[in-house]
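See below for the structure under consideration.
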Amino acid sequence: MNTISKYISGLLILSAATFSSCKKEFQTLNTNPNQLEKANDPSLLGNIEVTSFFNSAYNAWTLGNGMSQYATFSQSYYNTLARYIPSSNQPYWQVLYTNARDANQIIADSKANGNTSMQALGLIMRSYSFAQLTDLWGDIPFKNALQGQNGNFTASYDSQQTVYTDSGMGVLPSLRAADSLLKSSVTAITGDLVYGGDVTKWRKFCNGLRLRYLLRASGKLSTAAAEMQSIVSSGMIFQSASESAELALPTSVPYAFPSVTERSGDYSIKYLNTLMYNFYVNTGDQARLSMLFSKNVNNQSASGFNFSYYGGMPVVADANTTQVNSGSGFNSAIFVSSPSSIVLKARLLTYAEVQFILAEASLKNLISTGTAATYYTNGVAGAYADYGIDATTTAAYLTNPNVVFNPVNGLNQILTQKWAANLNVGFEGWLEYRRTGIPALDATSANLNNNKISSRFIYPPDEQTINAVNYKSELQKMGGTDNPNYKAWW
18 MNTISKYISG LLILSAATFS SCKKEFQTLN TNPNQLEKAN DPSLLGNIEV
68 TSFFNSAYNA WTLGNGMSQY ATFSQSYYNT LARYIPSSNQ PYWQVLYTNA
118 RDANQIIADS KANGNTSMQA LGLIMRSYSF AQLTDLWGDI PFKNALQGQN
168 GNFTASYDSQ QTVYTDSGMG VLPSLRAADS LLKSSVTAIT GDLVYGGDVT
218 KWRKFCNGLR LRYLLRASGK LSTAAAEMQS IVSSGMIFQS ASESAELALP
268 TSVPYAFPSV TERSGDYSIK YLNTLMYNFY VNTGDQARLS MLFSKNVNNQ
318 SASGFNFSYY GGMPVVADAN TTQVNSGSGF NSAIFVSSPS SIVLKARLLT
368 YAEVQFILAE ASLKNLISTG TAATYYTNGV AGAYADYGID ATTTAAYLTN
418 PNVVFNPVNG LNQILTQKWA ANLNVGFEGW LEYRRTGIPA LDATSANLNN
468 NKISSRFIYP PDEQTINAVN YKSELQKMGG TDNPNYKAWW
């Protein structure tokens, strides 16, 4: 994938406004005559891409890895959100709505000028933003949202089902429309940092997102299986890890992978979670363990490799000395001092995830093409390829008895390997746990949500003030409170 370094200077002003002035942007109606009134579509597309990918990495590193129990944050000054205390995550809410608004502008402009390729990309990125919003918060302002330029900041809430299925701008209908546009499109794409304007790869990304959301809602949508089969039959899905939706981040602010520019004190309190460590041990996963994590304090001087040289840390309030000395931190050689251009890519959707989706779909008879075993094996190999692990090492890992596909335990294997593969991919590990309960996350004594793994973020403070009437109406659906344990529609 392309790096974004050469593009940063052109995006700084626009992106800074996106990150730090979202509220002001929605509330201010005056026009500054000394600034461009509207950014052009290539700039909007580039900004949407950069902020989407960066936020996937940033949210994973600072919160999602903890909520998904890949990592343990060892100090209470940092870890309360990862211990499931009710949280709004307002900054990400603002970024997603800003991106959805900008994607809407691309869609409108492209319809007007006949650029069906750019229209499709606008539909894809708007769908991704709205899917993130509804999967993370539940019901959201949707059909009447994105009207700030008209002075409307008080959109009513729509159900998650509506966000997924609305014929006008729903996630799944919009992605179907995008695929159709790209299938016959001959117009140029400009400003694309992800695939360099490659229409075929964008189609594959689009269809991968469709598969993700169709599987997520397959228990509610009677048409999900047929649509998934149609996508697989088309052949327009990722064929290798090289086609994954990923972006190499620069090594300087503001869009470096967060570990590179993080305060040393915050970096040093991130440890391998016990659940992830046990997964590595049980599957003989020496390659990923030794690449991503460091030997613990007790074994810093030990030579060679042994699983006992590493260790996991359970979810804690404040780790004690024994836990700190036995727990493994992230490998600073690739996460800080010599940032790995492979490991530190920001990812939205990978080839590995798509293969695991198909493995589950095959096992559940949602699709008839291919076998669960083949898709599963491809997913495991794809996850190794994401980190540049060589074919010989990958082949050896696939022979481990606990890795070889076993139909009796197949669903657990698929979902656990999928969970492991989504380290550093936004909140996907937590989202999939909410859907499947696999692997079993630990609601320990350090839990700040009545020993429950939360099911959603609560609504941001701005909703309580700017959109108070609709906010209060929405709370009635949850029994009168902004309930972090309210279950998703799917």
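Just so we're aligned, residue 18 is where the sequence shown starts under this note's numbering, counting upward by one. In this text, a Cβ means the ideal position worked out from N, Cα and C, and glycines have one as well. Being a predicted model, the structure only gives us computed values, none of them experimental.
Anyone know if the C-beta pair for residue i and residue j falls short of 8 Å?
i                 : j                 : result
valine 397        : leucine 415       : yes
leucine 289       : phenylalanine 310 : yes
phenylalanine 159 : threonine 179     : yes
glycine 83        : glycine 443       : no
leucine 266       : glutamate 66      : no
alanine 437       : phenylalanine 255 : no
tyrosine 87       : methionine 293    : yes
aspartate 58      : methionine 135    : yes
tyrosine 326      : asparagine 337    : no
tyrosine 401      : isoleucine 431    : no
leucine 228       : methionine 253    : no
threonine 386     : valine 249        : yes
asparagine 439    : alanine 74        : no
lysine 287        : phenylalanine 90  : yes
leucine 198       : glycine 63        : no
aspartate 459     : glutamine 92      : no
glycine 423       : threonine 300     : With the sequence shown as reference, residue 423 is identified as asparagine, and glycine is not the correct amino acid for it. No, the Cβ-Cβ distance between asparagine 423 and threonine 300 is not below 8 Å.
tyrosine 272      : phenylalanine 71  : yes
Could you check how far apart the C-beta atoms of residue i and residue j are, in whole angstroms? I think they sit under 8 Å.
i              : j                 : result
tyrosine 145   : serine 261        : About 14 Å separates the two Cβ atoms, so there is no contact after all.
proline 331    : threonine 461     : 6 Å
isoleucine 406 : alanine 304       : 5 Å
leucine 428    : glutamate 370     : With a Cβ gap of about 16 Å, leucine 428 and glutamate 370 do not count as contacting.
glycine 399    : tyrosine 368      : 4 Å
glutamine 122  : leucine 61        : 6 Å
arginine 100   : asparagine 464    : 6 Å
asparagine 342 : valine 298        : Actually they are not in contact, since the Cβ atoms of asparagine 342 and valine 298 sit about 18 Å apart, beyond 8 Å.
asparagine 466 : proline 501       : 6 Å
leucine 163    : arginine 118      : 5 Å
leucine 153    : phenylalanine 474 : 5 Å
leucine 366    : leucine 226       : 6 Å
Leaving aside the five residues before and after residue i along the sequence, list all residues of the same chain whose C-beta is less than 6 Å from its C-beta, in chain order.
i                 : result
phenylalanine 352 : Ser276
serine 184        : Pro190
lysine 504        : Ser472
methionine 18     : Any answer about methionine 18 is weak, because its pLDDT of 45 lies below 50 and its placement is not dependable; what the coordinates show is given next. Around methionine 18: Glu263, Leu264 and Ala265.
glycine 329       : Leu289, Asn290, Thr291 and Tyr294
glutamate 42      : Because glutamate 42 carries a pLDDT of 36, less than 50, the predicted location of this residue cannot be relied on, and the following value inherits that uncertainty. Counting only Cβ-Cβ distances below 6 Å, and skipping sequence neighbours, we find nothing.
alanine 241       : Leu231 and Ser235
glycine 346       : Tyr288 and Ser311
serine 358        : Ala265
serine 85         : Gly446 and Trp447
leucine 361       : Phe274
tyrosine 450      : Leu458
threonine 207     : Pro59
glycine 172       : Looking at the sequence provided, one finds alanine at residue 172 rather than glycine. The residues are Pro158, Asn161 and Ala162.
In chain order, what residues of the same chain have a beta carbon less than 8 Å from the beta carbon of residue i, not counting five sequence neighbours either side?
i              : result
glutamine 481  : Tyr488
proline 477    : Ser105, Asn106, Gln107, Trp110 and Gln111
serine 257     : Tyr368, Gly399 and Ala402
asparagine 169 : Asn161
serine 251     : Asn224
valine 421     : Leu415
Using a Cβ-Cβ cutoff of less than 7 Å, which residues in the same chain neighbour residue i once the five nearest sequence positions on both sides are dropped?
i              : result
threonine 268  : Val277 and Pro356
alanine 194    : Leu140
alanine 457    : none
glycine 155    : Gln177, Arg473, Tyr503 and Ala505
asparagine 395 : Gln372
valine 333     : Thr89, Ser91, Gln340 and Ala463
threonine 433  : Phe296, Ile455 and Pro456
For chain D, check one thing: does any of its Cβ atoms lie closer than 8 Å to the Cβ of residue i?
i           : result
glycine 301 : The structure shown contains no chain D, having only a single protein chain.
*Should the region 176-194 be regarded as contacting the region 231-240, the criterion being three or more beta carbon pairs within less than 8 Å?*
For the pair of segments examined, the region 176-194 was found to touch the region 231-240: the number of CB pairs separated by less than 8 Å reaches three.
_Every unbroken alpha helix (DSSP H) inside the region 57-139 [4 residues or more]_ = Taking only runs of at least 4 residues, the alpha helix (DSSP H) segments lying wholly in the region 57-139 are 58-76, 93-96 and 107-130.
*Let me know the alpha helix (DSSP H) ranges lying completely inside the region 131-209, each 4 residues or longer, listed in chain order.*
Taking only runs of at least 4 residues, the alpha helix (DSSP H) segments lying wholly in the region 131-209 are 133-154, 177-182 and 188-201.
*Run through the region 458-500 for me and flag every whole alpha helix (DSSP H) of 4 or more residues, listed as ranges in chain order.*
478-483 and 485-494
*Any chance you could list the beta strand (DSSP E) runs of at least 3 consecutive residues sitting entirely within the region 346-415, in chain order?*
362-366
_Pairs of beta-carbons, one from the region 92-99 and one from the region 123-143, closer than 8 Å: are there three or more?_
no
*Taking only runs that begin and end inside the region 227-310, name each unbroken alpha helix (DSSP H) of 4 or more residues, in chain order.*
Entirely contained in the region 227-310, the alpha helix (DSSP H) runs reaching 4 residues are, in chain order, 241-251, 275-278, 281-284, 291-299 and 303-309.
*Inter-stretch contact at 8 Å, needing at least 3 Cβ pairs: the region 491-507 / the region 159-178*: yes
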